[in-house]
Structure formats: structure tokens, C-alpha cells
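Written out below as C-alpha cells is the structure these notes cover.
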């Protein structure tokens, strides 16, 4: 392993955090002349609130950015480590993925506050770590979203499934532990949504037909 490779591996976790901290929702809203997302709708900077405030196109741009910032640093790390990393390599990949995820939740550019809920960025990380698990989690999301008409409930269901899916897909205790931490933090970030779900006041994905 060359000095350049070692240096790249050392720098990737903090760089992943810096990349994960980019608030794509806020940037998209600013470029499109939309409202301040932190003062609009749910106050969240993720794709769901962008959709409510600016429509589907802006939401897709935000979603793509949030997914990419979870996937890109892991693609780079995987390229440096090779296709079959050992235990230390898996620990490094997990650290890079968690760095991007935590950057989204606690963005350095916003003073560590006002980040998103982590679903899309976790999905981007899992697209590299355990793509089969992500595919199944997306199916869980779609089924629960169609049944409940609530994006938050679908996100929570997909996050709850993710650790099991990662274990079945990779049999990696390290990747599974990372998925467990992501799922717990996603649930924590959805605590207000859980309260609204209990009250029956959580916004719908699609408005009721008249």
C-alpha cells in the first residue's frame, strides 16, 4: 500500500463528514428562490419538506444530492481498499459511511444543528456497503408508504428493517452494527413525527381525494 493510498484512507472519514454536511435541501431552495426550509413546513432540510415547499423536481434534486454524498466517499474508499476488504477495511468503510451520515444529521456548515433525518444519506452509504439490503429496504419503504400514505412511517419501517437486511446481504457484523446505529439515529430524528403519528396529525404524502 502506497503512502498516497494510506493518506487517502486517513483523510476519507473527515472528508466524508464534510461532504455529508452539505445541506442540499437548503441550496436547492435558495437556487430556486424558495422559502427558508428551516422556517417552512416541518422545518426539515430533507427531500420530503422540499417537496412540500417547492414540488417534486426540487425534491428529486435534493434526494439525489443527499444520496450521492453518502455513496461517493464510500466508492472512493472501496476503490482504495479493493473489492474484498478484511476486518480493518470493513471498519474503515463503516467509519466513512457513518461520517457522511453524521455530517447530514449534524452539519458542520450549520453549526452542527438543523440537519436532516438521514434516510437518503444512509441509503447512499448502503448502496455501496450492501446494495441488496438497500433494494429490499426500498421495497419496504414503498409498501409502507402506499399503505399508510406517510413518508415518515415508511422511512422508519425501512430503517428498522435495514440492519437485518445488511446482515442477510453481507454477513458482516461491522456493516450490520453501522446499520443499527443509523437506524437508531433515524428513529431519534423522527421523534416529532412519531408524536404526530400518535396524534393522527402527521402530513400525508398525497392529499386525500375529494
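In our numbering, the protein residues as written are 2 to 211. Glycine is no exception: its CB is placed at the ideal position from the N, C-alpha and C atoms. These figures come from a predicted structure and were not determined experimentally.
For residue 109, there is no enclosing alpha helix (DSSP H), as DSSP gives it neither H nor E. Three or more beta-carbon pairs separated by less than 8 Å are not found between the segment 25-35 and the segment 87-97, which leaves the two stretches without contact. When DSSP states are grouped into helix, strand and coil, residue 33 belongs to the coil group. For the set 39, 190 and 165, the Cα lying nearest the Cα of residue 181 is the one of 165.
The C-alpha of residue 3 is placed about 33 Å away from the C-alpha of residue 106. 75 is the residue among 38, 75 and 33 whose C-alpha sits nearest the C-alpha of residue 9. In the DSSP annotation of this structure, the continuous segment of the alpha helix (DSSP H) that includes residue 177 starts and ends at 174-190.
Remark: C-beta atoms of residue 187 and residue 156 approach each other more closely than 8 Å. In this structure, the beta-carbon distance from residue 98 to residue 67 does not fall below 8 Å. In the three-state scheme derived from DSSP, where H, G and I count as helix and E and B as strand, residue 207 is classed as coil.
For residue 115, the closest of 190, 18 and 208 by C-alpha to C-alpha distance is 190.
Inter-residue distance for residue 41 and residue 110 is about 20 Å (C-alpha atoms, whole angstroms). When the Cα atoms are used, residue 203 and residue 197 turn out to be separated by approximately 5 Å.
Apart from sequence neighbours up to five positions away, the residues of its chain that approach residue 18 with a beta-carbon distance below 8 Å are 100, 101, 103, 104 and 109, ordered along the chain. For residue 151, the secondary structure class from DSSP, reduced to helix, strand or coil, is coil. For residue 49, the enclosing alpha helix (DSSP H) begins and ends at 48-55. For residue 118, the three-state secondary structure derived from DSSP is coil. In the structure shown, residue 63 falls within a helical segment according to DSSP collapsed to helix, strand and coil.
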